[in-house]
Structure formats: structure tokens, C-alpha cells
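Undergrad: Once you've had a glance at the structure underneath, I'll fire off some questions.
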């Protein structure tokens with residue numbers, strides 16, 4: 064029998080989960096749920112679309128609910144709410160607020176006897192896992208995380224809020240020399256500016272003051288002022304032709320030493336090169352949806368992160384098969 | 064209170080575990096055990112050396128026993144034997160025999176209420192973990208493993224058995240073009256010869272027939288005949304000066320597709336660059352020794368592999384700390 068998955072929220076991530084489920088024969092998409100008018104949502108696989116209110120009474124039809132809302136306002140409310148009714152998985156990525164989110168989901172899920180997996184994706188998610196494994200293996204060492212080359216939604220949105228900007232796509236780009244220095248094991252101390260550059264492709268409104276826009280971008284605190292930023296003004300057609308994808312990626316690198324005299328250096332690197340950030344995140348979520356269901360079947364409950372989940376739970380294969388073929 | 068670790072076997076791996084324990088403040092080396100005469104073994108940290116026979120009655124003094132023998136003959140006997148008395152960790156790496164080894168350790172450990180972690184290191188070990196995670200995230204894709212550049216003990220030993228050879232160091236080297244093709248996401252089909260080359264540094268006995276030795280190496284079935292192999296004859300001094308280390312490393316790469324039309328490509332890569340193969344393996348083992356003890360304290364028993372162990376068990380830090388700093 065398949066694991067019946069529900070999706071709440073049908074943006075890029077929700078569509079990614081819909082498509083990831085088609086790649087996992089033991090998962091089955093039960094329904095897409097939306098807070099909009101269901102008839103206004105056209106799903107690509109033809110699965111039924113229901114209003115989110117229906118979730119209040121569909122516990123018998125859904126084994127795991129995947130929450131595809133945003134971390135700013137949706138998930139802090141939705142994940143604890145639905146963890147009281149369903150096994151849930153979310154991709155909450157506001158790092159600073161993870162402790163309180165975990166606590167809220169944990170309380171709700173424990174009370175309901177459900178499993179709630181939070182902060183699932185690649186960062187937080189697979190990058191976090193690799194930070195943890197590498198830190199445990201090389202306790203004396205240094206961590207580096209590089210993001211990109213890829214589109215940052217948050218930075219693109221920040222530029223779009225500037226007066227005179229119609230559209231923007233912002234790429235975060237690791238500085239190749241910094242990555243090479245880290246890979247060499249030389250343990251460099253790197254400033255924010257030395258690690259990444261930022262590149263903005265901007266469609267301006269007709270007659271807008273381009274010099275002012277460029278200056279506002281480059282001096283924007285937190286988002287751009289600590290980076291070397293390049294701004295290109297392009298047409299709407301160029302934007303659609305050249306920048307419609309959502310690629311991303313990056314590397315988590317830990318360098319460390321072993322030996323009684325700490326005389327041997329080691330470099331552990333985990334890298335991702337992703338054509339579609341939301342689809343890859345969704346693929347991680349699909350695997351953890353399986354884990355949520357299986358752990359709950361074995362009696363587990365409460366909030367979990369990728370740190371708390373034995374890798375074998377992510378796979379549809381048996382322990383015997385995994386040991387024979389992947390170990 | 065520290066976790067008290069015993070080491071059985073004081074070769075390269077045993078020495079690596081001894082040194083790894085000095086990097087983990089919550090671990091404490093209780094004793095080194097040997098099947099040789101204890102007084103003949105000089106340990107580098109000055110810890111006491113006992114005969115392996117003492118292990119029959121030291122259950123109150125050791126929380127985890129790390130088995131540092133070889134996979135060919137030592138571990139198939141030792142790991143089940145000691146899993147009946149202690150939490151144990153080994154680095155059993157005969158891939159084909161893992162299922163039977165797992166079964167033997169599982170039976171002994173379950174009966175004794177102990178945890179036995181087998182096949183711990185980097186391959187099997189961290190490479191296996193990355194194969195598993197990547198396969199679960201990208202169910203439609205292709206796996207590639209490259210080893211090196213690094214010293215293969217097995218291949219070095221095989222050459223040493225050739226008549227006229229005094230010493231040999233064999234390096235396994237990934238073919239750069241093959242690695243690049245895989246990283247590009249082009250999903251190449253690669254033969255054994257296309258993936259790795261082999262390089263041998265050989266000290267020959269005086270008057271030995273070098274042409275014959277080179278030919279015997281290059282045509283040796285399984286070990287060399289499927290590879291492009293280079294043979295260099297060097298002096299014993301050059302061997303000691305240039306080839307005394309045991310570096311290794313490699314990459315596990317999975318490429319796969321997502322999207323309803325499988326239109327987006329993704330590349331996941333995990334790479335290691337290690338100055339000391341045995342010390343890195345030992346560092347992985349030290350982290351899993353902690354996990355063995357902690358899981359057993361929580362009531363777990365039986366054989367486990369890296370697949371069965373939630374990552375948080377490897378860390379001395381609490382769940383709160385891990386979520387706050389590494390997630």
C-alpha cells in the first residue's frame with residue numbers, strides 16, 4: 064500500500080513535491096490543498112484540489128502532509144497546527160527561529176502522536192547533515208559554506224521593492240579563489256566580501272533613474288552593502304529568455320587535522336549543482352515524507368530534524384537490500 | 064563521565080583510534096589490547112597495554128571496544144565474539160561478505176543486549192551514506208564512485224608478492240576527464256579503464272629482471288589487467304623519502320533528474336581528500352563509538368551500520384545545540 068501524501072500550498076515547492084511523488088512508486092499524491100479558491104488552481108498531474116479547510120477532517124485519507132508555504136508567516140502557524148492532526152514535513156528555513164519552531168511543532172506532534180519533520184531541504188537539510196557529520200569526524204577543524212551559483216529569491220525580492228524596478232533576478236556567486244583556497248586545506252579567514260559576489264539582472268520601468276537604482280542596490284544594508292555587486296539592466300524579453308530558471312547549489316567544506324601532532328590534513332566537501340532549487344528541495348522532502356510515515360508507524364512522535372532520522376528511513380528498500388547494494 | 068574505549072589491535076588503524084580519542088574530550092582510552100606479548104607493544108600515549116585474553120573479564124571497565132583487525136581473517140571471528148560481551152565498532156570492508164558478517168554480529172549483540180556497529184569508515188562508511196542519501200533524493204539517476212588519488216594497500220601487497228620485488232607503493236588515480244564528464248551531468252557510461260589509472264613505485268631486488276616484473280604487474284588479473292598501469296622503479300631511499308604516507312580520498316557522485324518531464328539535472332558530490340587514510344577511518348570510528356554507547360544506553364541492541372544510526376548520535380552536543388548551530 065502506498066503512502067498517501069497531501070500537499071498544502073501550490074507554488075514552486077508544491078509543484079516540485081507533486082513531481083517528486085511521481086518518481087517514488089511507494090508514494091501517492093492524495094490531494095493538493097489550497098487557501099485560494101480550489102477551482103482557480105490548475106494542477107499539472109490532474110490530482111484533486113481541495114480547500115485547506117477540508118484538512119480538518121481528512122485524517123483517514125492522508126498519511127503525511129507536506130507544508131509548502133513560506134517560512135516568514137505560513138509555516139510558524141501551519142506546521143504546529145497540522146502536526147496536531149497529521150504527520151507533517153516542512154522546509155522552514157529561518158535559521159534563527161528554528162528552536163522556537165521546533166518547540167511548537169514538538170508539543171503539537173507529541174500530543175497527537177504524530178511525527179513532524181521541520182527544516183527539510185538542502186540548507187537547512189543536506190548541508191546541515193554534512194556540517195554535522197564532518198564536525199563529528201573532524202572535531203578540530205573549520206567549516207565553510209559557499210552558496211551558488213544560484214538565484215536567491217530573497218535578494219531578488221529585495222531589489223524588486225526598489226522604486227523604478229519592474230523585475231529582478233539576483234545570482235549569488237562564490238568567489239573561485241576563495242573556494243580554491245579552502246579546498247587546498249590552507250584554512251583561510253574569509254570576510255563576507257571575499258566569499259561571494261552578487262550579480263543582479265534588473266528590468267527597470269521606462270524613464271527610471273538607472274544610476275539611482277544601481278546605487279540603491281549596491282548600498283542596501285544586509286543584502287548587498289557587504290558584497291561586491293554587479294548590476295545589469297536588461298529588457299523584460301531578456302529576463303524571460305535568459306533568467307527564467309531557478310538554479311542553485313553550493314558547497315559545504317570542512318577542513319581538519321588528525322594525528323597525535325595534528326600533522327595530517329583532511330578536506331571533506333559536499334557539493335550540489337542544481338538546475339531547479341525548488342524541485343531538489345521537494346525531492347529531499349519526498350524522501351523525508353516517507354521517513355515521517357515509517358517512523359510514526361514504529362511509534363515515534365514529536366518534532367524531528369534531519370539530525371534525528373536514521374538514513375535508512377529515507378529509503379523504500381529493506382535493510383538487507385541497502386546493505387547488499389549501497390554499503 | 065567519559066565513554067571508556069578499548070582498542071583491540073595496534074596497527075595503523077589502532078594507532079589512528081588512539082590519536083582520534085585525544086581529539087574527543089568525552090572519550091577516554093581505557094587500554095590497548097593485543098594478541099602479541101603486551102610488553103612488545105609500545106603505545107604512543109602511554110596507555111596500558113593488555114593481552115587480548117583480558118577482554119574476557121573487563122566488561123565493567125570498557126564501554127565500547129573498537130576492533131582494529133583485518134577484514135580477511137580477524138574481524139569475521141572477533142566482531143561476533145566480542146559483540147557478545149561489549150558494544151563494538153569495526154571497519155569490516157569486504158563488501159561481498161557484509162550480509163553474513165552483519166547476521167553473525169546481530170545474533171551475538173542481540174543476545175547480549177549490546178550494539179555492534181560494522182563497516183565503519185569512509186568506504187564502506189561515509190561513501191555508503193552519501194550513496195544512500197543521494198539515491199533517496201534522486202531516485203532516477205546514476206551513481207559514480209572514484210577512488211584516489213591514494214595508496215591502495217591491497218594492490219601494493221599484490222605487487223610485493225611478485226618475485227624480485229622488495230617493496231611497492233601503488234596509487235589509484237581517477238581519470239580527470241572521466242570525473243569532469245560525470246560532474247557535467249552528461250551521465251557517461253565508463254569502463255573500468257576509463258575511470259581509474261594505476262601507478263606503481265617499485266623497489267626491485269638487485270639483479271632482478273625489471274621487464275618481467277613490469278609485465279607481471281601490468282597483466283595481473285583483477286588487480287591491474289583492466290587498467291592502464293604505469294610502473295616506476297625506484298630506490299629504497301626514494302621509497303622512504305617520497306612514499307611513506309598513506310594518503311587517499313575520492314568522490315561519490317550521483318547525477319539525476321527531476322521535473323514532470325525529467326527536464327532538470329542535478330549533481331550531488333561528496334569528496335574526501337585525506338592525508339592519512341587510517342587516521343581518517345579512525346576518526347569516523349571514534350564518532351560511531353560514541354553512537355554505539357549512547358544507543359545502547361537508550362536500550363538499543365544488535366548489529367547496526369551507518370544507515371541505521373541517526374546522525375545526532377555521533378555528536379557529544381545536545382539536540383538543542385545542534386539545531387541552534389549546525390542546522
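Residue numbers (the working numbering), protein chains in the order written: chain A, 64 to 390; chain B, 64 to 390. Ideal placement from N, C-alpha and C gives every residue a C-beta, glycine not left out. Please read all numbers here as calculations on a predicted model, not as lab measurements.
#1: To which residues of the same chain is residue 402 (chain A) closer than 6 Å at the C-beta, ignoring the five residues directly before and after it?
#2: Note down, one range per segment and in chain order, each beta strand (DSSP E) of at least 3 residues found wholly within the stretch 160–205 of chain B.
#3: Just mark residue 219 (chain A) as buried or exposed, buried being the case when its beta carbon has 16 or more other beta carbons within 10 Å.
#4: For residue 225 (chain B) and residue 276 (chain B), what's the separation of their Cα atoms in angstroms?
#5: List, in chain order, every chain A residue whose beta-carbon is nearer than 8 Å to that of residue 387 (chain B).
#6: What three-state label does DSSP hand residue 355 (chain A) in the structure shown?
#7: Pick from B:199, B:184 and B:287: whose alpha carbon is nearest that of residue 130 (chain B)?
#8: Is residue 243 (chain A) helix, strand or coil by DSSP?
#9: Can you pull the chain B residues whose beta carbon is under 7 Å from the beta carbon of residue 350 (chain A), in chain order?
#10: Helix, strand or coil, according to DSSP, for residue 129 (chain A) in the structure here?
#11: With residue 334 (chain A) as the anchor, note down where its beta strand (DSSP E) starts and where it stops.
#12: Exposed or buried, residue 64 (chain A), counting other C-beta atoms within 10 Å across all chains shown (16 or more means buried)?
#13: Following the continuous alpha helix (DSSP H) through residue 139 (chain A), name the residue where it begins and the one where it ends.
#14: For chain B, is any of its Cβ atoms less than 8 Å away from the one on residue 418 (chain A)?
#15: Check whether the Cβ atoms of residue 173 (chain B) and residue 365 (chain B) lie closer than 8 Å to each other.
#16: Is residue 383 (chain B) close to chain A? Criterion is C-beta to C-beta, closer than 8 Å.
#17: Cα-Cα, which of A:193, A:165 and A:189 is closest to residue 180 (chain A)?
#18: Helix, strand or coil for residue 288 (chain B), going by three-state DSSP, please let me know.
#19: To which residues of the same chain is residue 268 (chain B) closer than 8 Å at the C-beta, ignoring the five residues directly before and after it?
#20: When the Cα atoms are used, what is the spatial distance from residue 252 (chain B) to residue 281 (chain B)?
#21: DSSP on residue 66 (chain A), reduced to helix/strand/coil?
#22: Find the nearest neighbour of residue 152 (chain B) within the set B:73, B:205, B:107 and B:367, judged by alpha-carbon distance.
#23: If I measure Cβ to Cβ from residue 190 (chain A) and keep anything under 6 Å in the same chain, skipping five residues before and after, which residues do I get?
#24: Answer yes if the stretch 338–354 of chain B comes into contact with the stretch 348–362 of chain A, meaning at least three C-beta pairs across the two stretches below 8 Å, and no otherwise.
#25: Can you pull the DSSP bridge partners for residue 314 (chain A)?
#26: Restricting to runs no shorter than 4 residues, where is the alpha helix (DSSP H) found entirely within the stretch 70–116 of chain A?
#27: Give the residues from the stretch 250–262 of chain A that approach chain B closer than 7 Å (Cβ to any Cβ), ordered along the chain.
#28: If distances are taken between C-alpha atoms only, which option among A:207, A:262 and A:72 comes closest to residue 249 (chain A)?
#29: Residues of chain A with a CB under 7 Å from the CB of residue 139 (chain B): which are they?
#30: Under the assumption that residue 188 (chain B) contacts residue 68 (chain B) (Cβ atoms under 8 Å), give the Cβ distance between them as a whole number of angstroms.
#31: So, are the CB atoms of residue 203 (chain B) and residue 320 (chain B) less than 8 Å apart?
#32: Which stretch, first to last residue, makes up the alpha helix (DSSP H) that contains residue 276 (chain A)?
#33: Per DSSP, what kind of secondary structure is residue 233 (chain A) in: helix, strand or coil?
#34: Is residue 196 (chain A) close to chain B, meaning its C-beta is less than 8 Å from at least one C-beta of that chain?
#35: Taking the beta strand (DSSP E) that residue 380 (chain B) falls in, what are its first and last residues?
#36: Could you name the residues of the same chain whose beta carbon sits closer than 7 Å to that of residue 306 (chain B), not counting the 5 residues immediately before and after it, in chain order?
TA: According to the structure shown:
#1: One cannot answer for residue 402 (chain A) here, as it falls past the ends of chain A, which runs 64 to 390.
#2: 178–180
#3: buried
#4: 7 Å
#5: 161 and 162
#6: helix
#7: B:184
#8: helix
#9: 199 and 200
#10: strand
#11: 327–337
#12: exposed
#13: 137–146
#14: In the structure as shown, chain A begins at 64 and stops at 390. Residue 418 (chain A) is therefore absent and cannot be evaluated.
#15: yes
#16: yes
#17: A:165
#18: coil
#19: 227, 228 and 229
#20: 24 Å
#21: strand
#22: B:367
#23: 315
#24: no
#25: A:209 and A:334
#26: 75–84
#27: none
#28: A:207
#29: Residues of chain A passing the Cβ test: none, with the nearest at roughly 16 Å.
#30: That pair is no contact at about 18 Å.
#31: yes
#32: 273–281
#33: strand
#34: yes
#35: No beta strand (DSSP E) contains residue 380 (chain B), which DSSP labels as neither H nor E.
#36: 232 and 264
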